[in-house]
Amino acid sequence: MKVLVTGQSGLIGSHLVDILLAYNHEVYGISRTNRNKNPRCHNFCLDLRDTARAKKIIESVAPEVVFALAANAAEGKSFFSPIDITTNNIDVFFNTLVPSIRAGKLKRVIFSSSVAVYGSIKTPFKESDTPAPQDIYGVSKLTIENSLKIMSQVHGFEYVIIRPHNVFGPRQNMNDPYRNVVTLFMNHILIGEPYFIYGNGEMRRCFSYVKDVVDIIYRSGFEKVSGMTFNVGSDLDWSINQLSEVIQKISGHIVSPKYLPDRVQEVHNVISNHNLIRKIFGYKDTPLEKALKETWEWAKKQGPQKYIYTELELPNKLVPKNWK
Ligand SMILES: NC(=O)c1ccc[n+]([C@@H]2O[C@H](COP(=O)([O-])OP(=O)(O)OC[C@H]3O[C@@H](n4cnc5c(N)ncnc54)[C@H](O)[C@@H]3O)[C@@H](O)[C@H]2O)c1
């Protein structure tokens, strides 16, 4: 099938492209960076906020299946740069969807939403729970989910919504100082500096290996799951302190983390229920330690990376001190 992946240069997108190509799909990718390119994918480097260019390229591709992954996923930053986060989520989504519909071949859209739509409701989060996001990123994702449902009814295409959970693995962007705790810890070790932990480090997350997550996203594109929403990721919750200990163990580096105040509006426990993907897809997790070892081996090959900071739109005293 003719498949478009937006965000194909990112962590999830690049692994998804590999699977799509392995199953002989004709794959087109649009990202605004040139990282992680598979040369067998037709790659376009483009900022999807550019409506006119997006229209031209996507209408000429005329995709049958669209995996909408492109986004700025900097959740914690979204309070301080809400324009950046909303345009790089909502505008990017509609600039992908509209020309895909106009081109006339669209069968299904798979949207990568986020566990951030749940906010601080009771854990474990179930797909049937009423979302209550408490950051601008989560609000953007929920807006897109709702829009996708409406547009699919009016314009006659199928959709699947994926809510991934703290995904990590080889090819994660190590230059990003605002997100991805696993690679933040690893990159700080490679640089030779202690990493930062917010609050007391007892907040809990379910770290999910990209190779496990991507399999479910791929299958959502083609199996009989139209109109469904899936939590995708691991069920096993770990505290940030526990994650820190495991990374020190596998890397063989002893680190004394620097503890900073809690981040504003940070959800303490992010734990999703994954019974649905276990039932429908037979989902199984790679053990965390094995997945972290593979990621560490990859990170070592990349070597220490320089962080790229961007100017915040609304800096105030609540900005974490380590965001120079
Ligand atoms: N990684 C996670 O833990 C996680 C968790 C929940 C949801 N998600 C969602 O899954 C998707 C993929 O996440 P990821 O971790 O692979 O992200 P990533 O940051 O590694 O990759 C994002 C991709 O989007 C592209 N992109 C961003 N803004 C763009 C723009 N304006 N125009 C064109 N391309 C643009 C980037 O070039 C990159 O290819 C995102 O929608 C993210 O919100 C990720």
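Heads up: the sequence shown begins at 24 in this note's numbering, then just goes up one per residue. From the three backbone atoms N, C-alpha and C, an ideal C-beta is built for every residue, glycine too. Computed from a predicted structure; not experimentally measured.
Heavy atom of ligand 1 within 7 Å of residue i beta-carbon
| i | result |
| --- | --- |
| residue 92 | yes |
| residue 290 | no |
| residue 188 | yes |
| residue 137 | yes |
| residue 196 | yes |
| residue 254 | no |
| residue 31 | yes |
| residue 173 | no |
| residue 85 | no |
| residue 243 | no |
| residue 95 | yes |
| residue 36 | yes |
| residue 71 | yes |
| residue 26 | no |
| residue 115 | yes |
| residue 349 | Not covered by the structure: residue 349. The range shown for the chain is 24 to 347. |
| residue 227 | no |
| residue 53 | yes |
| residue 318 | no |
Which residues DSSP lists as bridging residue i, in chain order
| i | result |
| --- | --- |
| residue 187 | 255 |
| residue 228 | 261 |
| residue 131 | 88, 181 |
| residue 49 | 25 |
| residue 220 | 282 |
| residue 54 | 68 |
8 Å contact criterion, which residue i and residue j should meet: CB distance rounded
| i | j | result |
| --- | --- | --- |
| residue 229 | residue 295 | 7 Å |
| residue 160 | residue 108 | 5 Å |
| residue 194 | residue 61 | About 11 Å separates the two Cβ atoms, so there is no contact after all. |
| residue 185 | residue 134 | 7 Å |
| residue 53 | residue 236 | Incorrect: roughly 21 Å between the Cβ atoms, too far for contact. |
| residue 115 | residue 93 | 5 Å |
| residue 258 | residue 291 | Incorrect: roughly 18 Å between the Cβ atoms, too far for contact. |
Helix, strand or coil at residue i [DSSP, three-state]
| i | result |
| --- | --- |
| residue 279 | coil |
| residue 27 | strand |
| residue 67 | strand |
| residue 294 | coil |
| residue 151 | coil |
| residue 243 | helix |
| residue 307 | coil |
| residue 125 | helix |
| residue 170 | helix |
| residue 208 | helix |
| residue 348 | Because the chain in this structure spans residues 24 to 347, residue 348 falls outside the shown range and cannot be described. |
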